[in-house]
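Trainee: This note's numbering numbers the first residue of the sequence shown as 38 and each following residue consecutively. Beta carbons: idealized from backbone N, C-alpha and C, even for Gly. The structure is given below, and queries will be raised subsequently.
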Amino acid sequence: MYQSLKRMKNIIHLLIIFCFFILLNSVANGQTAKNDTISIENSGILKQEIFYDSLRHKASKRKLTHLIYDALISSPRPYVDSETLSLNYYSQMKGKIISDIKIIPLEVFGPTFQDTTRKAKSWIEKSANKIHTKSNLNTIQKMLLFKIGDEVDPGLIYENERLIRSLPYIKEINIILTQDTIYPAFVKVTILTKDRFSFGITGNVNGVQSAALEIYDNNIFGVGHEVGVVFAGHVNKQPYLGAETYYKINNIRGKFLNLSFAYLNTFKNEGFRFVLNKPFITSFVKWGYGASALRMFRSNWIFSNDVIQSEYPMDLLYHGAWGGRSFQVSPDGNNQVVLSAGYNSQKFYHFNEFETKYLNYFKNRTLLISGIAFSQRRYVQDDLVFSYGITEDIPEGFKNELV
């Protein structure tokens, strides 16, 4: 999967460069051509360097194209194995006793991990820092897989970095180990965190018929809870203006247990949704389980990604639960076997007329299921795959499952 993403990213990147190069050629056509003094050798690497040099030269002739070039093109960078570097750094303190843990949250705008004393300069950044509520230290503390008195485990600390970085309100984290100057067998742990700006507004427009606007906060009161309201409207379907509200609690009591519930009343559907989930978020989690319920008084589908949808609103109840146990089959924890079982049930309170071939899908039923899976999973640190300006942990491995 990781290699496919990298190939897809490279293809998109080349397409953008190609279109941009055509644009620059059209801009340069009206200017006097200059003799190219660079001797072109029959080398793929040299051709690539010449291409980027020519692209940069043409882009620098206009302020607009220069800005576009800086935004789209980045110099080729050598591959850096971040995991190996991190593990090597933590391995220097392996086996030493953790005597102190300090968590330091940085401002959203201004300071960096390279310069923690840097201050926000513009009034927009300063205002945003005042509006933003920093993550509560207890919230980060509950995410730690180690505590005072434990021995330094390089793999566990590296996994903990990835785990905290995956939170929707954390942009970056850096765990620093410092040997005690008085007692060499002790280690002090300093954790630097940098939040994302938690407030946000997003939306979409579907032609001239419908539109939606969402307002959310991914870290309300700094405790890691998520809350949001979605306003959805349609010019022909009632209610013409409706709303969806949701609330999510992450990592309840430090058990990596997540709970969310929502109420929906728009032209799409009306009802309640409840989800409780404790996934195998790390290879060290032995037990995983979850439960969900969906009570819809009006809906054209059971799940939003259903291929089969009804033309008439349905009145239905859906509920299900699952549980599983993982067993490590390798010392590093990357390979594991998982035994799991679960059920889901759906009941319709009001039947509609469906096409004959869809009747079985919309009948009341209960499904029991069990399975065994063998998986291998590790994470590769990279950037510019899904987003920019952050470190991304890309999963790599495989899963074979018999259900």
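Using the Cα positions of N306 and G244, report the straight-line distance between them to the nearest angstrom.
Mentor: Working through the sequence shown from its first residue, we reach residue 306 at position 269. Working through the sequence shown from its first residue, we reach residue 244 at position 207. For N306 and G244, the distance between alpha carbons rounds to 20 angstroms.
Trainee: Does the separation of the CB atoms of T232 and Y206 fall below 7 angstroms?
Mentor: Here residue 232 corresponds to residue number 195 of the sequence shown, with the count starting at 1. Here residue 206 corresponds to residue number 169 of the sequence shown, with the count starting at 1. Note on residue identity: the sequence assigns Asp, not Thr, to residue 232. Contact: yes.
Trainee: Kindly confirm or deny that the region 208-225 and the region 129-149 touch, where touching means at least three C-beta pairs closer than 8 angstroms.
Mentor: yes
Trainee: For the alpha helix (DSSP H) that E162 lies in, which residues bound it at each end?
Mentor: By 1-based counting over the sequence shown, the position of residue 162 is 125. Run containing E162: 160-168, per the alpha helix (DSSP H) assignment.
Trainee: Can you check the region 194-235 for any beta strand (DSSP E) of at least 3 residues that lies completely inside it and give the ranges in chain order?
Mentor: 207-216, 223-232
Trainee: Is T428 helix, strand or coil when you go by DSSP?
Mentor: Here the question's residue 428 lines up with position 391 in the sequence shown. If DSSP states are grouped into helix, strand and coil, T428 belongs with coil.
Trainee: Using the C-alpha atoms, what's the distance from F317 back to G325?
Mentor: Numbered from its first residue, the sequence shown carries residue 325 at position 288. Numbered from its first residue, the sequence shown carries residue 317 at position 280. When rounded, the distance between both Cα atoms is 6 angstroms.
Trainee: Under a Cβ-count criterion, where at least 16 other Cβ atoms within 10 Å of its own Cβ denotes burial, should A70 be classed as buried or exposed?
Mentor: Against the sequence shown, residue 70 aligns to sequence position 33. Caution is warranted here: a pLDDT of 43 is assigned to A70, below 50, making its placement in the model unreliable, and the coordinate value is therefore given only provisionally. With fewer than 16 other Cβ atoms within 10 Å, it is exposed.
Trainee: Roughly how many whole angstroms lie between the Cα atoms of F293 and L376?
Mentor: By 1-based counting over the sequence shown, the position of residue 293 is 256. By 1-based counting over the sequence shown, the position of residue 376 is 339. Straight-line measurement puts the Cα of L376 at about 20 angstroms from the Cα of F293.
Trainee: Alpha carbon to alpha carbon, what distance is there between H94 and Q430?
Mentor: One-based indexing of the sequence shown puts residue 430 at position 393. One-based indexing of the sequence shown puts residue 94 at position 57. One detail in the question is off: residue 430 reads as Asp in this sequence, not Gln. If I take the Cα positions, the gap works out to 35 angstroms.
Trainee: Less than 7 angstroms between the C-beta atoms of I140 and I228, yes or no?
Mentor: Stepping through the sequence shown from its first residue, residue 140 is reached at position 103. Stepping through the sequence shown from its first residue, residue 228 is reached at position 191. Yes, the pair counts as a contact, with Cβ atoms nearer than the cut-off.
Trainee: Within a Cβ cutoff of 6 angstroms, which residues of the same chain sit near N173, ignoring the five residues on either side of it in sequence?
Mentor: Counted from its first residue, the sequence shown places residue 173 at position 136. Cβ within range, chain order: G259, V260.
Trainee: Could you check where the beta strand (DSSP E) with I257 kicks off and where it finishes?
Mentor: Taking the first residue of the sequence shown as position 1, residue 257 is located at position 220. Counting along the chain, the beta strand (DSSP E) containing I257 begins and ends at 247-257.
Trainee: Just tell me which of P148, Y195, G408 has its CA closest to the CA of T449.
Mentor: No information on residue 449 is available, as it lies outside the stretch 38 to 440 that the chain covers here.
Trainee: Need the endpoints of the beta strand (DSSP E) that N302 sits in, please.
Mentor: Taking the sequence shown and counting its residues from 1, the one referred to as residue 302 is at position 265. First-last of the beta strand (DSSP E) with N302: 295-302.
Trainee: Less than 7 angstroms between CB atoms is the rule here; does V226 satisfy it with respect to chain B?
Mentor: The structure shown contains no chain B; it holds only a single protein chain.
Trainee: Buried or exposed: L278, going by 16 or more other Cβ atoms within 10 Å of its Cβ?
Mentor: Sequence index remark: in the sequence shown, residue 278 carries index 241 (1-based). Exposed: under 16 other Cβ atoms inside 10 Å.
Trainee: For L439, count neighbouring Cβ atoms within 10 angstroms of its own Cβ and tell me buried if that reaches 16, exposed if not.
Mentor: One-based indexing of the sequence shown puts residue 439 at position 402. Exposed.
Trainee: Give a yes or no on contact between the region 262-270 and the region 184-202, applying the rule of three or more CB pairs nearer than 8 angstroms.
Mentor: no
Trainee: With which residues is N381 paired in a DSSP beta bridge?
Mentor: Within the sequence shown, residue 381 is the residue found at index 344, counting from 1. Paired residue(s): G357, L404.
Trainee: Please report how far the alpha carbon of S363 lies from the alpha carbon of I409, in whole angstroms.
Mentor: Residue numbering aside, residue 363 sits at position 326 when the sequence shown is read from its first letter. Residue numbering aside, residue 409 sits at position 372 when the sequence shown is read from its first letter. Cα-Cα distance, rounded: 10 angstroms.
Trainee: On the criterion of 16 or more Cβ atoms from any shown chain inside 10 Å, does Y416 qualify as buried, or is it exposed?
Mentor: For the purposes of this step, residue 416 is taken as residue 379 along the sequence shown, with counting starting at 1. Buried, since its Cβ has 16 or more Cβ neighbours within 10 Å.
Trainee: Using DSSP's beta-bridge definition, name the partner residues of A157.
Mentor: As a first step, residue 157 must be located in the sequence shown, where it is residue number 120. Answer is none; A157 lacks a bridge partner.
Trainee: Does DSSP put T74 in a helix, in a strand, or in coil?
Mentor: Taking the sequence shown and counting its residues from 1, one reaches residue 74 at position 37. At T74 the pLDDT is 43, less than 50, meaning the model places this residue with poor confidence; the figure from the coordinates comes in the next sentence. T74 sits in coil when the DSSP states are folded into three classes, being neither helix nor strand.
Trainee: Can you tell me whether Q275 sits near the ligand PLP, meaning its C-beta is under 6 angstroms from at least one heavy atom of the ligand?
Mentor: This structure lacks the ligand PLP, and indeed carries no ligand of any kind.
Trainee: Where do the N-terminal and C-terminal ends of the beta strand (DSSP E) with N306 fall, by residue?
Mentor: By 1-based counting over the sequence shown, the position of residue 306 is 269. First-last of the beta strand (DSSP E) with N306: 306-315.
Trainee: Between D137, E348, N397, D90, which lies nearest to T215 when the distance is taken from Cα to Cα?
Mentor: Numbered from 1 along the sequence shown, position 178 holds the residue referred to as residue 215. Ranking D137, E348, N397, D90 by Cα distance to T215 puts D137 first.
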